[in-house]
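Chains as they are written, first to last, in this note's numbering: chain E, 29 to 341; chain F, 29 to 341. By construction, the Cβ of each residue, glycine as well, lies at the ideal position given by its N, Cα and C atoms. Read through the structure below, which is laid out as structure tokens, and then see the notes.
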């Protein structure tokens, strides 16, 4: 795999307006009248501003989200209407649930490398609150609604910025460990009744996921580090998906002790697809990752999917 | 844009089991006990068989569909469980609604060109019947449930197969002309009541779409042909999205007279994301496109999105 010469030119982020506390953990949820499109619009505009660009400079828009806003059209077309109406910018969705942003970086860096696009806007975000089950405490108290966005551009030869290595794995033994079964093609809204109502909520089998991760993640991450030819000591910061409070248990087991990875679970919880780009954006703003430095993005997602991406910022 | 040296190694297709007739037009819908995953599995297995490959040979699986089977996980993870359980093949969704297959060819050819993947399985298909409104005759009688699949591989230097040119445009003035508003994040299944029930059906504003297409398509197609440097006389066959019975009116206006494009609307109607790959697969099987010959894939999709892709088969 050769380096893909791309640069994160700017990022932006937005939090939902209602703030909640659960056992000292802060979460954010959409407030009345607010939709995910409002957050996505704010995050996208901030990313463009940080990059010193206008929407007219963008030649492709990607929504990298876990959940659909509508079954039709794709999320990117709805966001396009908010920020690019009247322009002809192509819009598409890329989805690997919680790690959609990492996948989108992976995919779009290849499109830029192949000369297909040059300046891409990637926007992540989900409305977790739309499907949380009040009877499932673990997931009900875990999620925040948020959005984060990134402008990814072709990097000059003299710039060091690049995506150096990326890998994804899907282990579908876990396909039903994280689900929203109802509302779409397999079990439509019209089929909802008193008996199956719970099928329309988000359903997470936390222990099963942890078990599958414990089995598959260590060899996957180990193989990635080795194949990428990078030692943990060389990595400035690891940005993991903020999956749950188990993060501080799992990361050391993957060889990343406290202080080497970014942990904001207490402050925001799991923001689904927005987790990784939101954390990356904060880490950049806080000077924890600087130009020319390597960083790793990793995460697990419903599927069960896992992504690993090594970039030089 | 340089050529992307990729080859369609095999294709497969599957039709839903219930056959209906509307005014001499044949349509197919899922029969009791059948789901889209059954069709996707059949199409995928046939594509692999035609390519002379096993699922173990595939290094990435893409579901290129318009509609979600579940809000979580992505469609590709659910199909993975059917055909790749126990393997680690990465699975992702790519979505530009009806033209998702063309977009996936575009995207994955860049990933292959960049050295990221080498043998990709792309599967399209939608359950149109899950959301058709019996009160909207035009759309109710238009759609079929189907799936089609394609194995896309890196082509050797000596092989002529390639994607030579591709373009996508999204005109979000049409974002609400083709919709399923309810069931997902913006209007959840829990919000359905007697007043808004129609919002959970597929809704198509046929005349508005035709008007927007009439304005935007001719200059788009003209610019693509010119930029691709190809004359209509050199193209062996055009495979358009089988959007509606208006196909035979629109295609000549785009410079493609009867006989130069593939039209199976009478036989199958609009198969949403499966339309283009299903038609391409049939055209190949019928000898209408042969190795080394150029073909064009075009289509419009909810968004409003339009795709153009020139390949050498």
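Opening and closing residue of the alpha helix (DSSP H) in which residue i lies
i	result
residue 131 (chain F)	128 to 141
residue 110 (chain E)	103 to 111
residue 312 (chain E)	303 to 313
residue 296 (chain F)	293 to 296
residue 74 (chain E)	64 to 79
residue 200 (chain F)	Taken as a continuous stretch (DSSP letters only), residue 200 (chain F) belongs to no alpha helix (DSSP H), as it is neither H nor E.
Rounded separation between residue i and residue j - CA only
i	j	result
residue 274 (chain F)	residue 166 (chain F)	12 Å
residue 209 (chain E)	residue 211 (chain F)	11 Å
residue 144 (chain E)	residue 311 (chain E)	30 Å
residue 40 (chain F)	residue 150 (chain F)	10 Å
residue 336 (chain F)	residue 288 (chain F)	16 Å
residue 192 (chain F)	residue 186 (chain F)	16 Å
residue 61 (chain F)	residue 97 (chain F)	15 Å
residue 59 (chain F)	residue 46 (chain F)	5 Å
residue 207 (chain E)	residue 131 (chain E)	19 Å
residue 223 (chain F)	residue 64 (chain F)	29 Å
residue 75 (chain F)	residue 102 (chain E)	26 Å
residue 196 (chain F)	residue 260 (chain F)	19 Å
residue 79 (chain F)	residue 182 (chain F)	13 Å
residue 298 (chain F)	residue 221 (chain F)	29 Å
residue 172 (chain F)	residue 108 (chain E)	29 Å
residue 66 (chain F)	residue 320 (chain E)	48 Å
residue 225 (chain E)	residue 268 (chain F)	41 Å
residue 73 (chain F)	residue 305 (chain F)	15 Å
Contact list for residue i against chain E, beta-carbon separation under 7 Å
i	result
residue 218 (chain F)	228
residue 200 (chain F)	105, 108, 109, 112, 113
residue 299 (chain F)	Residues of chain E passing the Cβ test: none, with the nearest at roughly 14 Å.
residue 117 (chain F)	198
residue 98 (chain F)	207, 208, 209, 212, 214
Segment limits, beta strand (DSSP E) that includes residue i
i	result
residue 182 (chain E)	174 to 182
residue 35 (chain F)	34 to 43
residue 186 (chain E)	Neither: residue 186 (chain E) is in no beta strand (DSSP E) and is coded neither H nor E.
residue 335 (chain E)	333 to 340
residue 48 (chain E)	46 to 50
Residue i versus the options, residue with shortest Cα-Cα distance
i	options	result
residue 262 (chain E)	E:272, E:340, E:213, E:188	E:340
residue 141 (chain F)	F:282, F:33, F:332, F:254	F:33
residue 105 (chain E)	E:93, E:94, E:121	E:121
residue 318 (chain E)	E:264, E:125, E:268, E:333	E:264
residue 136 (chain F)	F:155, F:180, F:162	F:180
residue 88 (chain E)	E:118, E:55, E:172	E:118
residue 168 (chain F)	F:323, F:283, F:64, F:233	F:233
residue 294 (chain F)	F:51, F:43, F:84	F:51
residue 255 (chain F)	F:174, F:206, F:194	F:194
residue 156 (chain E)	E:175, E:138, E:188	E:175
residue 148 (chain E)	E:134, E:239, E:245, E:297	E:134
residue 124 (chain F)	F:247, F:200, F:216	F:200
residue 37 (chain F)	F:228, F:178, F:334	F:178
residue 338 (chain E)	E:249, E:218, E:90	E:249
Beta bridge counterpart(s) of residue i as assigned by DSSP
i	result
residue 268 (chain E)	E:326
residue 274 (chain F)	According to DSSP, which records beta bridges pairwise, residue 274 (chain F) is partnered with nothing at all.
residue 89 (chain F)	F:119, F:149
residue 100 (chain F)	E:208
residue 231 (chain E)	E:207
residue 54 (chain E)	E:49
residue 259 (chain E)	Beta-bridge pairing links residue 259 (chain E) to no other residue.
Contact set between residue i and chain F, taken where Cβ atoms lie within less than 7 Å
i	result
residue 139 (chain E)	135, 138
residue 63 (chain E)	214
Residues that residue i contacts on chain E, provided the C-beta gap is smaller than 9 Å
i	result
residue 161 (chain F)	Those do not exist, as residue 161 (chain F) stays about 11 Å from chain E at its closest Cβ, beyond 9 Å.
residue 76 (chain F)	Neighbours of residue 76 (chain F) on chain E: none; closest Cβ ~17 Å, over 9 Å.
residue 43 (chain F)	Per Cβ cutoff of 9 Å: no residues; residue 43 (chain F) is ~17 Å from chain E at best.
residue 122 (chain F)	120, 121, 122, 123, 135
residue 95 (chain F)	96, 99, 100, 212, 213
residue 203 (chain F)	101, 105, 106, 108, 109, 113
Neighbour list for residue i in chain B, Cβ cutoff strictly below 9 Å
i	result
residue 180 (chain E)	Reference to chain B is not applicable here, since the protein chains of this structure are E and F.
Chain F contact residues for residue i, given Cβ-Cβ distances below 8 Å
i	result
residue 305 (chain E)	What residue 305 (chain E) touches in chain F: nothing, since even the nearest Cβ is about 17 Å away.
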